[in-house]
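Novice:
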Amino acid sequence: MVKCPECGEEIDYLTAFNTSVPQVSNFFIKADGETEYEYFETSEEGTDYHYYCPKCNAFLFGNEEDAERFLKGEVE
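Counting in the working numbering, the sequence shown runs without a single skipped number right up to 63 at its last residue.
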């Protein structure tokens, strides 16, 4: 698990907010290393996501590549 740089809590996913359409989901790295979104609301898929800490709701990333690298422990 990685730690949120804002609150220091250990997390294993990020909350992903789709800014193109109203939609909130969790962004995971699966055991096989692939990424996955767990959607809470159904709507058409957009392309702009902001990634937040699920513990403190701090904004952490503005793109999927950085969010994925963070969850894999490649960046702090």
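Using N, Cα and C, we set each Cβ at its ideal position, and we do this for glycine too.
Computed from a predicted model, the values in this text were never measured in an experiment.
To the nearest angstrom, how far is it from the Cα of Ala54 to the Cα of Tyr38?
Specialist: For this step, residue 54 is matched to residue 67 along the sequence shown. For this step, residue 38 is matched to residue 51 along the sequence shown. If you take the alpha carbons of Ala54 and Tyr38, they lie about 7 Å apart.
Novice: Assuming the contact rule is C-beta atoms closer than 8 Å, Asn13 and Asp35 should be a hit. Round their C-beta distance to whole Å, please.
Specialist: Against the sequence shown, residue 13 aligns to sequence position 26. Against the sequence shown, residue 35 aligns to sequence position 48. Not really, about 17 Å apart at Cβ, beyond 8 Å.
Novice: Counting only the same chain and skipping the five closest in sequence on each side, list residues whose C-beta sits under 8 Å from that of Phe46.
Specialist: Here residue 46 is taken as the residue at index 59 of the sequence shown, counted from 1. Result list for Phe46: His37, Tyr38, Tyr39, in chain order.
Novice: Specify the secondary structure class of Glu(-3) as computed by DSSP and reduced to three states.
Specialist: Here residue -3 refers to the residue found at position 10 when the sequence shown is read from its first residue. Of the three classes helix, strand and coil, the one that applies to Glu(-3) here is strand, per DSSP.
Novice: Anyone know if the C-beta pair for Thr83 and Val(-11) falls short of 8 Å?
Specialist: Nothing in the structure corresponds to residue 83, since the chain is present only between -12 and 63.
Novice: From the DSSP output, which residues share a beta bridge with Lys17?
Specialist: For the purposes of this step, residue 17 is taken as residue 30 along the sequence shown, with counting starting at 1. Paired residues: none, contrary to the question.
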